[in-house]
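These notes are about the structure you will find just below.
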Amino acid sequence: MHGLGAGAHTVGVAQCQFFVDRLYNFLGTGLPDPALSTTYLATLKSLCPNTTGDTTNVALDDGSEFKFDTSYFINIQKGKGLLRIDQELGSDATTSGKVNSFAGAGSAFSSTFTTSMVAMGRIGVLTNGTVRSTC
Numbered sequence: 004m005h006g007l008g009a010g011a012h013t014v015g016v017a018q019c020q021f022f023v024d025r026l027y028n029f030l031g032t033g034l035p036d037p038a039l040s041t042t043y044l045a046t047l048k049s050l051c052p053n054t055t056g057d058t059t060n061v062a063l064d065d066g067s068e069f070k071f072d073t074s075y076f077i078n079i080q081k082g083k084g085l086l087r088i089d090q091e092l093g094s095d096a097t098t099s100g101k102v103n104s105f106a107g108a109g110s111a112f113s114s115t116f117t118t119s120m121v122a123m124g125r126i127g128v129l130t131n132g133t134v135r136s137t138c
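In this note's numbering, the protein residues as written are 4 to 138.
See the structure below:
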């Protein structure tokens, strides 16, 4: 399930400062991230100026930020993944099939997410600064 823990991004917000580079200077190109839909890009630019440190909050899951549902995956399919890692889930060969599956079946997402969260809860917290080699 590489990276799909990001499905938790179906709820919440992120500050402009964490993704503004995608809007104005993606990977140092001086251009926006081509993976963003043009209409979503325009919306984001209206919310986030081309400045550093902007703490304006933007919904992680456009149109459904307060609801735990599958619209996060549908948004990824539409080029509306707010954070770069979110959008990359839809284009990565190892995760795109799951994005498509979860976008079409809410029960598949809920079941997989529940299983993943239980597994993560069993990992245990490291407090001594040790880096975990196996998760």
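Even for Gly, the Cβ is constructed at its ideal location relative to N, Cα and C.
Take Thr55 as the anchor and find which of Pro37, Arg87 and Cys19 has the nearest alpha-carbon.
Selected option, being the one with the closest Cα: Cys19.
Is DSSP giving Val23 helix, strand or coil here?
It is helical.
Could you tell me the distance, in whole angstroms, from the CA atom of His12 to the CA atom of Leu63?
One C-alpha to the other measures close to 6 Å.
Should Asn78 go down as buried or exposed, given a rule of 16 or more other Cβ atoms within 10 Å for buried?
Buried, since its Cβ has 16 or more Cβ neighbours within 10 Å.
Might you give, ordered along the chain, the residues of its own chain that have their beta carbon closer than 7 Å to the beta carbon of Gly15, omitting 5 neighbours on each side?
These residues qualify, in order along the chain: Leu63 and Glu68.
Taking the C-alpha atoms as reference points, what is the distance between Lys83 and Asp36?
Cα to Cα, the separation comes out at about 11 Å.
Beta-carbon of Val14 versus every beta-carbon of chain D: anything under 7 Å?
Although the question refers to chain D, the structure presented lacks it and comprises just one protein chain.
Considering only the beta carbon of each residue, do Val61 and Leu50 sit closer than 7 Å?
Contact: yes.
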